[in-house]
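Protein chains in written order, with our numbering: chain A, 1 to 211; chain B, 1 to 211.
Virtual Cβ for every residue (Gly too), placed ideally from N, Cα, C.
Since the model is a prediction, treat every value here as computed from it, not as a measurement.
There are 2 protein chains.
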Amino acid sequence: MAKPLETRARLLKTAADLIWQSSYHSVGVERICEQSGTNKGSFYHHFASKEELALAAIDEQWRELKPRMDEIFSAATPPLERLGRYARESLRIQTAKREETGFVCGCPLYALGSEVGTQSPQLRAKVAELLDTRFRYFESVVRDAQASGEIDVADTARTARVLLDLVEGALTRARITNELAPIEDLEQSLLLVVGAPKAHRVRAASARKSH
Amino acid sequence: MAKPLETRARLLKTAADLIWQSSYHSVGVERICEQSGTNKGSFYHHFASKEELALAAIDEQWRELKPRMDEIFSAATPPLERLGRYARESLRIQTAKREETGFVCGCPLYALGSEVGTQSPQLRAKVAELLDTRFRYFESVVRDAQASGEIDVADTARTARVLLDLVEGALTRARITNELAPIEDLEQSLLLVVGAPKAHRVRAASARKSH
DNA sequence: ACGGCACGTGACCGATCGGTTTAGCAGTCC
DNA sequence: GGACTGCTAAACCGATCGGTCACGTGCCGT
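Written out as structure tokens, the structure reads:
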């Protein structure tokens, strides 16, 4: 008999992976079970429904990502550099996922939320909640950059919203076109939006190339 | 016996509507048929598969939308005003759809493309093609605005990309949160990105309120 | 040593999936 | 009037869907 928590963790990981790379409705409980080496009975011992599994899976996915986000958006890092790090980390993640699956998969939250938004209030609420958490990272970046004089924007909240919308729009476009280009462009695009001085933009670009 | 072309058209319209407001996988052929008052046999007389129906449906949806897009993005309209008109038309469409369904449904192309992108090469290609068409409207807006001196950007193509990514990101967020706010903010956000003079932004805002 | 309980197993359920088949109806050309 | 064509009607297909159930199995406290 496998360790109890191992089974649950395996199901969460497998579900998050499969749903991310295909979609919620096109991946059945059956397939999640066989891919993770579990029996259906065991599945329904740990989760009351497929929906509850998905809820737990994206929660767990965020729990795993959070430390990296905290580091990338560390207050010890200059605000605009945080954006660059975030863009590069996104590219890293997407590249890795593509190597594993053959597909650029975009943002798992947006893909799931967009698919089930009108059908599962619970999943929609959970996705919205996690997106709001993500928004706060961008909010603090813009506020810090404004306070330090690196940028000059009229409305920090709106600017942060624009940044996140842009990120998610680009990630989704990457998924739809199955191309990394939108994510490769992300750093420059983010800096363009906050109106960073041209010198900073060029510096960031050449720094990336020399890596 | 119903008119032959009417049946096909009814199926296309119903499919586009249902898939938009729920999702591709959660809408069955059965439901599309009963909702449009068609029999399954008739369905498979007109379409070889559900996938082919979806392909034809988004094509038809675009065929219907195109005249409005051409008018909104008319070269006779000042470039930045085109963005405003586009944002307001988007809000109008989303508001109408919400009244009909109770949900903010976002962009049908992005919702569909994001869902089936990794599973149906044909649908993904078609969505990507239509998105590229949409991109060209924004490209010409930015170029025209740059030529007339209304804005000053370093890279018109990138700026146009950012605008469209922002639009789609906001529309998808509207779908996920089931709120119109992201779309209500769209006009101001677009103008913020192209760095329109503050006077223009304020003018646009007050003009909208007074309507 | 034993009873309870957490967990795993795999057969099974009705419903629905996308898709097929056969028959029949309405018009139309000969 | 009969053959042909375009279309619709409705029963039907195997597969798969999310979910259930009865039953083992092994670990635990007592």
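What are the boundary residues of the alpha helix (DSSP H) that includes residue i?
i, result
"residue 108/B", "108-116"
"residue 42/B", "40-46"
"residue 189/B", "186-193"
"residue 76/A", "Unbroken run through residue 76/A: none, as it is neither H nor E."
Quick check on DSSP: helix, strand or coil for residue i?
i, result
"residue 154/A", "coil"
"residue 33/B", "helix"
"residue 177/B", "helix"
"residue 142/B", "helix"
"residue 24/B", "coil"
"residue 169/B", "helix"
"residue 133/A", "helix"
"residue 121/B", "helix"
"residue 90/B", "helix"
"residue 14/B", "helix"
"residue 162/A", "helix"
"residue 241/A", "The displayed coordinates of chain A run from 1 to 211. Any statement about residue 241/A would go beyond what the structure contains."
"residue 8/A", "helix"
"residue 149/B", "coil"
"residue 50/A", "helix"
"residue 19/B", "helix"
"residue 199/B", "With a pLDDT of only 45 at residue 199/B, under 50, the local geometry of the prediction cannot be trusted, and the value read off the model is given with reservation. In this structure, residue 199/B counts as helix in the three-state DSSP scheme."
Measuring CA to CA, which of the options is closest to residue i?
i, options, result
"residue 161/B", "6/A, 163/A, 182/A, 158/A", "182/A"
"residue 76/B", "141/B, 100/B, 174/B, 152/B", "141/B"
"residue 79/B", "185/B, 93/B, 145/B", "145/B"
"residue 122/A", "42/A, 58/A, 17/A", "58/A"
"residue 118/B", "48/A, 172/A, 83/A", "172/A"
"residue 163/A", "100/A, 87/A, 126/A", "87/A"
"residue 105/A", "192/A, 22/A, 191/A, 52/A", "22/A"
"residue 150/B", "194/B, 108/B, 31/B", "194/B"
"residue 29/A", "83/A, 50/A, 111/A, 91/A", "50/A"
"residue 115/B", "10/B, 14/B, 27/B, 155/B", "27/B"
"residue 135/A", "69/A, 192/A, 33/A", "69/A"
"residue 20/B", "103/B, 6/B, 40/B", "103/B"
"residue 156/B", "192/A, 93/A, 74/A", "192/A"
"residue 52/A", "148/A, 125/A, 143/A", "125/A"
"residue 64/B", "143/B, 40/B, 130/B", "130/B"
"residue 25/B", "98/B, 66/B, 120/B", "120/B"
"residue 174/A", "113/A, 152/A, 139/A, 95/A", "95/A"
"residue 138/A", "74/A, 93/A, 109/A, 98/A", "74/A"
"residue 54/B", "109/B, 153/B, 143/B", "109/B"
"residue 97/A", "6/A, 188/A, 17/A, 147/A", "17/A"
Could you check whether residue j and residue i sit closer than 7 angstroms to each other, using their CB atoms as the reference points?
i, j, result
"residue 60/A", "residue 72/A", "no"
"residue 132/A", "residue 166/B", "no"
"residue 8/B", "residue 45/B", "no"
"residue 177/A", "residue 128/B", "yes"
"residue 12/A", "residue 48/A", "no"
"residue 190/A", "residue 83/A", "yes"
"residue 180/B", "residue 170/B", "no"
"residue 168/B", "residue 107/B", "yes"
"residue 36/B", "residue 14/B", "yes"
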